[in-house]
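See structure below.
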Amino acid sequence: MLHHLMVGTWTPPGAIFTIEFDDEALTLKLLKRTPIPEDEPISWMTFDHARKNIYGASMKKWSSHSVASPAEIQHITSHPMSHDPSAAKSDTRTRAIFCLASNKPPYNVYGNPFYEHAGHGNVFSVDENGALKENIQNYEYSPGSAIHGMVFDAEENYLYSADMWGTNVDAPKKGDHPRWVEIHPNGRYLYVLNEAGNNLAVYVIDEKTHLPVFTNITYPLVPPGVPNLKLYRSDVVSISHSGKYLFATSRSNDFKVTGYIAAFKLGPAGNIERQICLNPTPTSGGHSNAVSPCPWSDEWLALTDDQDGGFEIYRWHEEFLYRVARIDIPEPGFGMNAIWHEFMFKLTPLHEAPFHWKKPEKLPEPNTTGFLAALYPATRLDKMGALLCANVW
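Below, the structure is given as structure tokens:
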């Protein structure tokens, strides 16, 4: 089958890269480079619920792009950060850093500014085609917050945010800098990646308050005993399609030193049963080293880095992780997170097929059983509840 993934860039000029992965030939190719507004490179992108729109954290703006097909992507609109007058100014380093699209009506999009002047989350409505429409709310964190990753619970009633600079729900230790969060599908466990601590912390979700409670369990994301922990900064954590595995990465601050990718086995309740591996990545990872598991299979993972502009596909098989394909794209800033668009069955020309058609003498009775296949799960049409549960700081 053919899989298509999209990747953005950390620096200008803005572009969205569509990459094609053939899971039979185990090859990668650049299908298309789509130019977008030059000063709006996308450091983090995500799809809407139908995979018909891409939303991007685009420097000083939030951007929206329609996706008619993997090779037909069009910029539709962009909105500035409006929560603080200083955030959008060119002389501040505040930038859009992360966005999260709701999978339930009304399909709002949530964005996190970063660095200074980032004490609010931005909420956008969407139009009938899924494009960003209006900044309908700026909800408050704390003045010194620096929110990076965030995740909804399964019902999208609670939003969990990782704050690298704030102080509220305690991290395992001071200075750990929680950067990323992932939640188990059953909503019982929250996994918090700490950038400076270079560890993965396990929290349980209180059934009554829905607040995360630290279990005092952490796992290393760099080899224990490294002489200089500050040489590394951990990046993202993401759960597999089946919910049975968890993957997390770390980056190196030195281009001559590699980052790492870790895999964990999850129990049925969501608890981490064991750490399976901690493998070096090909490069430091640069700003990214972002792992992206395939949304419809546990078998494939994408890994990006902007040190060398690398894009890789790994196979996860019998709890072993190995690289099957790599492509280098030497474009400025290339290698932010990858998002999986869809998969397509490869079609063999009829004259190349290992069989021949023969017209039957008598047509058989029609098959009335039939079947219906869907690429994406249905979504419930219930109304979204409360906006924010807690920050993990």
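Take the position in the sequence shown, starting the count at 1, then add 843; the result is the number in my numbering. The C-beta atom is built at its ideal place from N, Cα and C for all residues, glycine as well. Computed from a predicted model, the values in this text were never measured in an experiment.
Extent of the continuous beta strand (DSSP E) run through residue i
{"i": "His991", "result": "Ile990 to Phe995"}
{"i": "Val850", "result": "Leu845 to Thr852"}
{"i": "Pro1021", "result": "Pro1021 to Ile1026"}
{"i": "Asp1006", "result": "Leu1002 to Asp1006"}
{"i": "Tyr1103", "result": "Tyr1103 to Leu1109"}
{"i": "Ile888", "result": "Note that residue 888 is Met in the sequence shown, not Ile. Per DSSP, Met888 belongs to the beta strand (DSSP E) from Trp887 to Phe890."}
{"i": "Asn896", "result": "Asn896 to Ser901"}
{"i": "Trp1147", "result": "Checking the sequence, you will find Thr at residue 1147 rather than Trp. Start and end: Trp1143 to Asp1148."}
{"i": "Leu1121", "result": "Ile1115 to Pro1123"}
{"i": "Leu871", "result": "Thr870 to Pro878"}
{"i": "Leu1089", "result": "Tyr1088 to Ser1095"}
{"i": "Thr861", "result": "Ala858 to Asp865"}
{"i": "Pro1136", "result": "Ala1133 to Pro1136"}
Given residue i as reference, the closest of the options once Cα atoms are compared
{"i": "His1130", "options": "Asp1141, Thr1101 and Ile1156", "result": "Thr1101"}
{"i": "Val1079", "options": "Thr1058, Val1035, Pro1111 and Leu1054", "result": "Val1035"}
{"i": "Phe957", "options": "Ala930, Asn978 and His918", "result": "Ala930"}
{"i": "Leu1164", "options": "Gly1153, Gly1009, Pro1123 and Pro1021", "result": "Pro1123"}
{"i": "Ile919", "options": "Asp927, Ser907, Trp1139 and His926", "result": "Ser907"}
{"i": "Ile990", "options": "Arg1022, Tyr982, Lys976 and Ala997", "result": "Arg1022"}
{"i": "Glu1174", "options": "Leu848, His846 and Thr854", "result": "Thr854"}
Local Cβ density within 10 Å of residue i, reported as buried at 16 or more and exposed below that
{"i": "Val1069", "result": "exposed"}
{"i": "Gly992", "result": "buried"}
{"i": "Tyr1003", "result": "buried"}
{"i": "Gly857", "result": "buried"}
{"i": "Tyr898", "result": "buried"}
{"i": "Phe987", "result": "Reading off the sequence shown, one finds Gly at residue 987, where the question assumed Phe. Classification for Gly987: exposed."}
{"i": "Phe941", "result": "buried"}
{"i": "Lys904", "result": "buried"}
{"i": "Leu869", "result": "exposed"}
{"i": "Val952", "result": "buried"}
{"i": "Met844", "result": "exposed"}
{"i": "Tyr1157", "result": "buried"}
{"i": "Ser901", "result": "buried"}
contact_flag[the stretch 1013-1024, the stretch 1032-1042] where n(CB pairs < 8 Å) is 3 or more: yes
Meets three-Cβ-pair contact criterion under 8 Å: the stretch 935-944 and the stretch 957-973: yes
Any beta strand (DSSP E) of 3 or more consecutive residues that is wholly inside the stretch 929-974: 938-944, 952-957 and 963-969
The stretch 912-930 contacting the stretch 853-870, beta-carbon criterion three pairs below 8 Å: yes
Sequence ranges, beta strand (DSSP E) only - wholly within the stretch 1033-1058, length at least 3: 1042-1048
Touching by the beta-carbon criterion (3+ pairs, under 8 Å), the stretch 1060-1074 and the stretch 1127-1141: no
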